[in-house]
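Data block below; observations after.
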Amino acid sequence: MLDFYDIDIMKNASTQYVVSTVKHTLSEQMKTRWHDQVQNSPKLRTCRQIKHTFSCETYLNGHLTFKQRSALARFRSGTYPLAVELGRYRREIVPVEQRTCKVCNIGEVENEVRFLVNCSGYTHLSNEFLVQNDETNQTGNAVDDNTEFAYMMSVSAKCLIIYIINCYEVRRTLLT
Ligand SMILES: [Zn+2]
251 MLDFYDIDIM KNASTQYVVS TVKHTLSEQM KTRWHDQVQN SPKLRTCRQI KHTFSCETYL
311 NGHLTFKQRS ALARFRSGTY PLAVELGRYR REIVPVEQRT CKVCNIGEVE NEVRFLVNCS
371 GYTHLSNEFL VQNDETNQTG NAVDDNTEFA YMMSVSAKCL IIYIINCYEV RRTLLT
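Mind the numbering: the sequence shown is residues 251 to 426 in my numbering, read in order.
Listed below in structure tokens is the structure:
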């Protein structure tokens with residue numbers, strides 16, 4: 251580890267300075283490693299779109315039940331039980347392009363963006379959701395799916411997770 255530091259400076263520095271420098275360096279290395287992992291993990295496709303800095307997420311401190319917090323964490327980390335994730339666990343792994351949405355059935359991969367933004371099966375719920383959050387909705391004009399997705403992921407955690415759970419309930423009803 252000493253390779254990272256200027257030995258001449260460190261050997262004459264105070265303990266406090268050395269500790270502070272080592273802490274800072276380790277912290278920066280950890281952030282770089284975290285950033286690389288997020289960028290390179292297929293599973294973290296949603297996290298990559300919405301989280302740009304290494305910090306504690308505010309939804310973890312909010313007034314969510316355990317079930318809501320857990321569901322939101324799964325959605326954000328790409329492990330919510332949508333086709334894109336479920337296809338990984340079949341006896342024979344389903345190619346990503348075949349993990350399609352069976353709710354709207356138009357051959358599009360069921361991932362977090364399709365589920366949240368543009369699956370026609372949840373239009374009634376998404377319209378309601380956008381009306382409720384219209385106060386801060388900057389996406390009144392036509393925007394691409396990823397922009398709309400980022401907006402929806404940025405609203406109040408409580409509102410978002412209730413919407414996700416309600417959509418999933420519709421999904422469960424339609425697919426069973
Ligand atoms: Zn769909």
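C-beta atoms are modelled at their ideal positions from N, C-alpha and C, and glycine is treated no differently.
L322 vs Y309 beta-carbon contact at 8 Å: The sequence position of residue 322 within the sequence shown is 72, counting from 1. The sequence position of residue 309 within the sequence shown is 59, counting from 1. With respect to Y309, L322 sits close: the two C-beta atoms are nearer than 8 Å.
V353: CB within 7 Å of a non-hydrogen atom of ligand 1: As a first step, residue 353 must be located in the sequence shown, where it is residue number 103. Yes.
Nearest to G312 (by Cα), restricted to the options N416, I412, Y413, A407: Mapped onto the sequence shown, residue 312 falls at position 62. Proximity to G312 across N416, I412, Y413, A407 peaks at A407, based on C-alpha coordinates.
C-alpha distance - L366 paired with W284, whole-angstrom precision: The residue labelled residue 366 in the question sits at position 116 within the sequence shown. The residue labelled residue 284 in the question sits at position 34 within the sequence shown. Rounded to the nearest angstrom, the two C-alpha atoms are 26 Å apart.
Cβ-Cβ separation, G337 to R349 (assumed contact under 8 Å), whole Å: Taking the first residue of the sequence shown as position 1, residue 349 is located at position 99. Taking the first residue of the sequence shown as position 1, residue 337 is located at position 87. Contact check for R349 and G337: beta-carbon distance about 4 Å, within the 8 Å limit, so the pair qualifies.
Proximity below 8 Å, CB of T296 to CB of R324: As a position in the sequence shown, residue 296 is number 46, starting the count at 1. As a position in the sequence shown, residue 324 is number 74, starting the count at 1. Taking 8 Å as the Cβ cut-off, T296 and R324 do not qualify as a contacting pair.
Proximity test, R422 beta-carbon vs ligand 1 heavy atom, cut-off 7 Å: For this step, residue 422 is matched to residue 172 along the sequence shown. Not so, every heavy atom of ligand 1 lies at least 7 Å from the Cβ.
Beta-carbon gap between A502 and E360 smaller than 8 Å: The question about residue 502 has no answer, for the chain in this structure spans 251 to 426.
Given 8 Å, three or more beta-carbon pairs between the stretch 269-281 and the stretch 313-320: Counting Cβ pairs under 8 Å, fewer than three are found: no touch.
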